[in-house]
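In my numbering, the protein residues as written are 293 to 412.
One structure below.
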């Protein structure tokens with residue numbers, strides 16, 4: 293059986309999108325998404341926030357960046373990627389979601405009627 297690396301999340305942006313370009317001119321849009329998880333502790337239901345960094349490469353990231361503002365609810369479909377590096381002689385790593393599809397959903401954060409709803 294082949295390995296599967298597929299992530300689907302719906303959550304809210306924790307900050308406005310950050311759009312930058314590589315030295316070769318490729319757009320990179322970086323966002324952070326909060327996804328709440330409900331769980332029962334004793335007899336009380338509580339919400340626990342989980343935070344994920346997401347990278348949207350290329351023209352999709354460039355086109356959607358203006359609509360990705362703090363508080364906006366979005367859906368993300370993509371894959372996990374682990375980046376590894378060394379800092380001060382210590383190995384470091386970070387897992388990010390590389391988005392293949394982004395959907396603008398309802399909610400706060402600059403809902404614009406002219407904004408396309410799906411990017412892929």
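Each residue gets a CB set at the ideal place from its N, CA and C atoms; glycine is no exception.
Is it buried or exposed, residue i, if we count other Cβ atoms within 10 angstroms and call 16 or more buried?
i, result
"residue 341", "exposed"
"residue 389", "buried"
"residue 317", "exposed"
"residue 304", "buried"
"residue 353", "buried"
Nearest to residue i by CA position, among the options, is which residue?
i, options, result
"residue 320", "355, 364, 382", "355"
"residue 362", "391, 331, 325, 378", "325"
"residue 393", "311, 367, 316", "367"
Which residues in the same chain as residue i place their Cβ atom closer than 6 angstroms to its Cβ, once the five residues preceding and following it in sequence are excluded?
i, result
"residue 415", "Only positions 293 to 412 of the chain appear in this structure, which leaves residue 415 out of reach."
Could you confirm whether any beta carbon from chain B is found closer than 8 angstroms to the beta carbon of residue i?
i, result
"residue 348", "No chain B appears in this structure, which consists of one protein chain only."
Should residue i and residue j be called a contact, given that it needs their Cβ atoms to be closer than 8 angstroms?
i, j, result
"residue 365", "residue 398", "yes"
"residue 391", "residue 327", "no"
"residue 344", "residue 301", "yes"
"residue 370", "residue 299", "yes"
"residue 310", "residue 322", "yes"
"residue 295", "residue 360", "no"
Which one or two residues does DSSP pair with residue i in a beta bridge?
i, result
"residue 348", "321"
"residue 373", "388"
"residue 379", "382"
"residue 313", "319"
Excluding the 5 residues flanking residue i on each side, which residues of the same chain have their C-beta closer than 7 angstroms to its C-beta?
i, result
"residue 372", "297, 299, 387, 389"
"residue 331", "338, 340"
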